[in-house]
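The opening position of the sequence shown corresponds to residue 74 in the numbering used here, with each subsequent residue numbered one higher.
Even for Gly, the Cβ is constructed at its ideal location relative to N, Cα and C.
Note sheet for the following structure.
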Amino acid sequence: PSPPPPSASPQPETYTYEVRQENAECANQWMNLGEYASAELCSLAAGVAGCTTFMFSSAYTSWGCRCCSEPDPPKEHSLWTLYNVLPPPPSASP
74 PSPPPPSASP
84 QPETYTYEVR
94 QENAECANQW
104 MNLGEYASAE
114 LCSLAAGVAG
124 CTTFMFSSAY
134 TSWGCRCCSE
144 PDPPKEHSLW
154 TLYNVLPPPP
164 SASP
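Here it is as structure tokens:
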């Protein structure tokens, strides 16, 4: 028997990101979203959690993906990078 056809459920929202500031961490952290292998995966979790800014260390992924409650003024830190979460593009109408 063949598998059922894929359902027409809406696609999950896809967030992207941009570097806000390298070698910096949030002025105030909000929550740790857990460990992610990349800033890209971290941005997806951050976007779903409602974060607009997050910090991630590609050198120490075990530090986790952390939302900022207050990104500014950033604190200097050589191993963190601050990122902005970019909302998903509006879905195209058929």
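Q | Extent of the continuous alpha helix (DSSP H) to which L114 belongs | A | It spans A112 to A122 - the alpha helix (DSSP H) in which L114 sits, taken as one unbroken run.
(Q) According to DSSP, is S130 part of a helix, a strand, or is it coil? (A) S130 falls in the coil class under three-state DSSP.
**Q.** Buried versus exposed, by CB contacts within 10 Å (16 or more), V158
**A.** With 16 or more other Cβ atoms within 10 Å, it is buried.
Q: Return yes when the Cβ of C99 is within less than 8 Å of the Cβ of P147, no when it is not.
A: Judged by their CB atoms, P147 and C99 are nearer to each other than the 8 Å cut-off.
Q. Does DSSP put N96 in a helix, a strand or coil?
A. DSSP places N96 in strand when its eight states are reduced to three.
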